[in-house]
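Protein chains in written order, with the working numbering: chain A, 217 to 483; chain B, 786 to 993.
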Amino acid sequence: MTSLPRTTPARLPVFLAILVLLSGGCAAHPAAVHEPVSATGPEVSSLAAVGGDPFALEEEFTAGATEPVSDPLIGYNRLMTQVNDKIYFWLLKPVAQGYRAVVPEGARLAVGRFFRNLLMPVRFANNLLQLKPKRAGTELARFLVNTTVGVLGFGDPAANRFGLQAYPEDFGQTLGHYGVGSGFHLVLPLLGPSNLRDTLGLIPDYFLDPVSYIEETDVQLAVRAYDRVNYTSLHIGEYESLKKDAVDLYTFLRDGYEQRRNKQIEE
Amino acid sequence: MQFLLTGILCLCLAVTPALAGDLDEVRDLLKGKVDKVVVLLQDKTLDKVHRNERILDIVSPIFDYQTMAKLSLGSKYWPGLGQAKQLEFSELFIKRLQASYLDKLDLYTDEEILYGEPQAQGKTVHMPTTMVSRDSRIGMLYKFYRAAQGWKIYDVEIGGVSVIQTYRSQFDGVLSEGTIDDLLGKLKSEGSFALPAPVDTGSRPGAQ
Chain A
217 MTSLPRTTPA
227 RLPVFLAILV
237 LLSGGCAAHP
247 AAVHEPVSAT
257 GPEVSSLAAV
267 GGDPFALEEE
277 FTAGATEPVS
287 DPLIGYNRLM
297 TQVNDKIYFW
307 LLKPVAQGYR
317 AVVPEGARLA
327 VGRFFRNLLM
337 PVRFANNLLQ
347 LKPKRAGTEL
357 ARFLVNTTVG
367 VLGFGDPAAN
377 RFGLQAYPED
387 FGQTLGHYGV
397 GSGFHLVLPL
407 LGPSNLRDTL
417 GLIPDYFLDP
427 VSYIEETDVQ
437 LAVRAYDRVN
447 YTSLHIGEYE
457 SLKKDAVDLY
467 TFLRDGYEQR
477 RNKQIEE
Chain B
786 MQFLLTGILC
796 LCLAVTPALA
806 GDLDEVRDLL
816 KGKVDKVVVL
826 LQDKTLDKVH
836 RNERILDIVS
846 PIFDYQTMAK
856 LSLGSKYWPG
866 LGQAKQLEFS
876 ELFIKRLQAS
886 YLDKLDLYTD
896 EEILYGEPQA
906 QGKTVHMPTT
916 MVSRDSRIGM
926 LYKFYRAAQG
936 WKIYDVEIGG
946 VSVIQTYRSQ
956 FDGVLSEGTI
966 DDLLGKLKSE
976 GSFALPAPVD
986 TGSRPGAQ
C-alpha cells in the first residue's frame, strides 16, 4: 500500500507513526489495513499513562523529524517572503478578486480541474518512479475518463462517479522518497516556500507539464498566470488567515512547508 | 440478568481488539462535537459573536488548552518562567488559539467531513478526518490523550502541519534570541489576534 519511507535511523519511528496515521487519514481508501504501531515506542497498553505531566506528551515534538530546518539563506528568505507577501496583496489578490466577481464559481472550479488534469504526466511519472504502479494506474485512468467523459478535464467524473482520487506526486517528493534530504530552505520568487531538493525537483516536472511546450513564451506565461489567478480566486482568505496565526510569519511558513512536505513524502 | 450482562461484556472484551472501545470513544466524542459545530456553522441566521461563543462552549471541553500552552513552549522554557509569566503566557496563547480556530471556521463553506479510523499511538489516540471542499481535500488530524477528565485534544495537524509544532518553532526562534517578555510582547502585538489592551484578570500583579 505504502512504500518504505526515508530511513534515517533516528527518524524511523516518527516516520512510521506518520505512515500509519496517513494510512488512516486518507478517506480515499478506507479499506486500508492498519498495522499495529509497535514501532512507535511505548506499548499500547500504556495508553492511559500520561497522567498529570503534560510534558510526557512532548516526545513527538522533539523527535528527529522535527530537527531545526537548515536555513543559511535566512536573510534572503525573509526578504523574499516579504516580497511574495506584497505581490499577493498588491497584485495577485486584487486581480483574483476582480476575476472572481466576473466569473461564476462553477466555471472557476472547472478551469482549476482542467489545469490539474493537464498535470497528469507529472503525477503519473512520479508515482511510477516511486514504484507506486497502482496509483500511477489510477492517475492514468483518471486522465482518460476526465479527458473524455469529463470533457477535456473540465469535469471530474473519475472522482465523482468512480471514486478515483488523484495522487499528487512531484519530483521533489520522488527525491525525498529515495532518501534525498531537503537541503536548505529556499523561498522562491512568486512560488513561495521551497527547499533545495524541491527546487531542483521543479526542473523535471517542468518538462512533464504540457504548458511548458507552448512555444510562444508570452502565451505560456499568460497561461500560467491565468492558472494562478484562477486558483487564487478559489482560495482568497486562506493566506490571510494563516498570516494571522503567525507570531513570526517567516518561521511559520518555513516550518509549515517543511512539515507538510515531510508528510507528503511519507504518503 | 446482571450475570448475563457481565458474561456478554466479557465475551465482547475477549473478541474485540484491545482498546477498540477507547478508539470508538474518541471518534464518537470528536464526531459529536464537530457535528454540533457544523450545525451552527450552517445556520446563517445566527449572530456571529453569539455563534462563536456557542462553538467555544461546545469544543472547549475536549481541548486541553493548558497542556497545549505548555507543549508549545516546551519543557525547555516553561518550568523556568515562574508562575506569573506562565499565567500570562497561557492566557495570551489560549486567546490566540481560540481566535485562530474561530477565524478558520469563517472559511467554512460546504465542506463535508469524513472520519477515518482512529489510531492508537503509544499513549495517545490520533483521529484522522478529511475535509472535502470544492476543489481540495485537506487532512485534519486530532491528537487525543487521556486526561483525568477524559479524552482531550493536545494538538491538531492540518494538512500535515502540527499546530503545536509550528508554535514551538516560532517561540523557540523568539526565545533563543530574546526574552519571555519579547515573546509576550509579540503575542500581544503580532498578527490580527493581537490584544488591543491588556486583559484584566485581577490575578496577575506582574501584568501591565
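We treat Cβ as the ideally placed atom computed from N, Cα and C, and that holds for glycine.
Remember, it's a predicted structure, so these values are computed and weren't measured experimentally.
| query | When every heavy atom of the ligand SAM is checked, does at least one fall within less than 7 Å of the C-beta of A/A326? | reply | As for the ligand SAM, it is missing from this structure, which has no ligand bound.
Three-pair Cβ contact test at 8 Å for the segment 305 to 321 of chain A versus the segment 938 to 952 of chain B: no
- Which word fits A/P320, buried or exposed, when buried means at least 16 other C-beta atoms lie within 10 angstroms of its C-beta? For this step, residue 320 of chain A is matched to residue 104 along the first sequence. Looking at its Cβ environment, which holds fewer than 16 other Cβ atoms inside 10 Å, A/P320 is exposed.
| request: Check each candidate in A/A272, A/S286, A/E276 and name the one with the smallest Cα separation from A/Y473. | output: Position 257 of the first sequence holds residue 473 of chain A. Nearest option by C-alpha distance: A/S286.
(request) Check the Cβ-Cβ distances between A/K479 and every residue of chain B, and say whether any is below 8 Å. (result) For the purposes of this step, residue 479 of chain A is identified with residue 263 of the first sequence, where counting begins at 1. It does; some Cβ of chain B falls within 8 Å.
- [ ] Please compile the residues from chain B whose C-beta is within a distance smaller than 8 Å of the C-beta of A/L368.
- [x] On the first sequence, position 152 is the one that residue 368 of chain A refers to. Those within 8 Å of A/L368 in chain B number zero; the least Cβ separation is about 17 Å.
**Study point:** Contact residues within the segment 835 to 853 of chain B, judged by C-beta distance below 9 Å to chain A
**Key:** D849, Q851, T852, M853
Report task. Please check the pair A/S457 and B/L892, which I expect to be a contact at CB under 8 Å, by giving their CB distance rounded to whole angstroms. Result -> Position 241 of the first sequence, counted from the start, is the residue given in the question as residue 457 of chain A. Position 107 of the second sequence, counted from the start, is the residue given in the question as residue 892 of chain B. That pair is a contact at about 6 Å.
ask   = Interface residues of chain A around B/D939 at Cβ under 8 Å?
value = Translated into the one-based positions of the second sequence, residue 939 of chain B becomes position 154. First, the residue type needs correcting, since residue 939 of chain B is Tyr and not Asp in the sequence shown. Within chain A, the residues near B/Y939 are P270, L273.
Rounded to a whole number of angstroms, what is the C-alpha to C-alpha distance between A/E275 and B/S860? Counted from its first residue, the first sequence places residue 275 of chain A at position 59. Counted from its first residue, the second sequence places residue 860 of chain B at position 75. One C-alpha to the other measures close to 10 Å.
Exercise. For the beta strand (DSSP E) holding B/E942, just list the boundary residues, first then last.
Key: Counting from one through the second sequence, the residue named residue 942 of chain B turns up at place 157. Counting along the chain, the beta strand (DSSP E) containing B/E942 begins and ends at 935 to 943.
If you measure between the beta carbons of B/R812 and B/Y900, is that distance less than 8 Å? The sequence position of residue 812 of chain B within the second sequence is 27, counting from 1. The sequence position of residue 900 of chain B within the second sequence is 115, counting from 1. For B/R812 and B/Y900, yes; Cβs fall inside 8 Å.
In chain A, what lies closer than 7 Å to B/K971 by C-beta?
As a position in the second sequence, residue 971 of chain B is number 186, starting the count at 1. Near B/K971 (Cβ distances below 7 Å), the residues of chain A are V463.
For this session: With DSSP collapsed to three states, give me the class of B/Y886.
Result: Locating residue 886 of chain B in the second sequence gives position 101, counting from the first residue. Of the three classes helix, strand and coil, the one that applies to B/Y886 here is helix, per DSSP.
**Report entry** Residues that B/L856 contacts on chain A, provided the C-beta gap is smaller than 9 Å
**Finding:** As a working mapping, residue 856 of chain B is identified with position 71 in the second sequence. Within chain A, the residues near B/L856 are P270, F271, L273, E274, F277.
- Given a limit of 8 Å on CB to CB distance, which residues of the segment 440 to 457 of chain A reach chain B? L450, G453, E454, S457
Quiz item: Using the beta-carbon count (16 or more within 10 Å), is A/T467 buried or exposed?
Solution: Against the first sequence, residue 467 of chain A aligns to sequence position 251. Under this definition A/T467 is a buried residue.
Report task. Output the distance between the C-alpha atoms of B/Q871 and B/R881, rounded to the nearest integer angstrom. Result -> On the second sequence, position 86 is the one that residue 871 of chain B refers to. On the second sequence, position 96 is the one that residue 881 of chain B refers to. Going from the Cα of B/Q871 to the Cα of B/R881 covers about 15 Å.
- Near B/F848, what residues of its chain come up, given a Cβ to Cβ distance below 6 Å and the 5 sequence neighbours on each side ignored? As a position in the second sequence, residue 848 of chain B is number 63, starting the count at 1. I938.
Quiz prompt | Length at least 4, wholly inside the segment 809 to 873 of chain B: the alpha helix (DSSP H) runs in chain order | solution = 833 to 844, 850 to 858
Count the CB pairs spanning the segment 378 to 389 of chain A and the segment 347 to 354 of chain A that are closer than 8 Å, and state whether there are at least three. yes
Reference A/V327; option with closest CA among A/L368, A/I303, A/Y429, A/A438:
Here residue 327 of chain A refers to the residue found at position 111 of the first sequence. Looking at the Cα atoms, A/L368 is the closest of the given residues.
Query raised in the report: Relative to chain E, which residues along the segment 313 to 325 of chain A have a C-beta separation below 7 Å, given in chain order?
Result: Any reference to chain E falls outside this structure, whose protein chains are A and B.
Tell me, which residues are paired with B/S961 by DSSP?
-> Locating residue 961 of chain B in the second sequence gives position 176, counting from the first residue. DSSP, once it has assigned bridges, lists no residue as partnering B/S961.
Contact belief for B/L877 with B/K973 at Cβ below 8 Å, rounded distance in angstroms: By one-based count along the second sequence, residue 877 of chain B stands at place 92. By one-based count along the second sequence, residue 973 of chain B stands at place 188. About 7 Å separates the two Cβ atoms, so the contact holds.
Practice problem: Just mark A/Q346 as buried or exposed, buried being the case when its beta carbon has 16 or more other beta carbons within 10 Å. | Solution: To locate residue 346 of chain A, count along the first sequence from 1; it is residue 130. The residue is buried, with at least 16 neighbouring Cβ atoms inside 10 Å.
B/L969 versus B/A933, B/K833, B/D820, B/L858, residue with shortest Cα-Cα distance: Taking the second sequence and counting its residues from 1, the one referred to as residue 969 of chain B is at position 184. Closest option to B/L969, Cα to Cα, is B/L858.
Check your understanding: Can you find a CB in chain B that lies within less than 8 Å of the CB of A/R339?
Key -> Locating residue 339 of chain A in the first sequence gives position 123, counting from the first residue. No, its Cβ sits nowhere closer than 8 Å to a Cβ of chain B.
*asked:* I want to see whether chain B comes within less than 8 Å of A/F330, judged by CB atoms only; does it?
replied: On the first sequence, residue 330 of chain A is found 114 positions in, with the first residue counted as 1. No, A/F330 does not count as interfacial toward chain B.
Exposed or buried, A/P288, counting other C-beta atoms within 10 Å across all chains shown (16 or more means buried)? For the purposes of this step, residue 288 of chain A is taken as residue 72 along the first sequence, with counting starting at 1. That one is exposed.
- prompt: Secondary structure at B/K928, three-state DSSP: helix, strand or coil?
  reply: Here the question's residue 928 of chain B lines up with position 143 in the second sequence. The answer is strand: DSSP assigns B/K928 an E or B state.
Legend entry - DSSP beta-bridge partners of B/T922: Counting from one through the second sequence, the residue named residue 922 of chain B turns up at place 137. This sequence places Arg at residue 922 of chain B; Thr is not what is there. DSSP, once it has assigned bridges, lists B/V917 as partnering B/R922.
Along the beta strand (DSSP E) that carries B/L899, what are the first and last residues, could you check? Locating residue 899 of chain B in the second sequence gives position 114, counting from the first residue. Taken as a continuous stretch (DSSP letters only), the beta strand (DSSP E) holding B/L899 covers 897 to 900.
| query | Do you know whose CA, among A/T415, A/L391, A/G392, A/Y394, lies nearest A/H401's CA? | reply | Here residue 401 of chain A corresponds to residue number 185 of the first sequence, with the count starting at 1. Comparing Cα-Cα distances from A/H401 to each of A/T415, A/L391, A/G392, A/Y394, the minimum goes to A/T415.
Partners in chain B for A/F468, counting only beta-carbon separations shorter than 7 Å
Sequence index remark: in the first sequence, residue 468 of chain A carries index 252 (1-based). What A/F468 touches in chain B: T951, Q955.
Which of the three DSSP states is assigned to A/H393 in this structure? To locate residue 393 of chain A, count along the first sequence from 1; it is residue 177. Helix.
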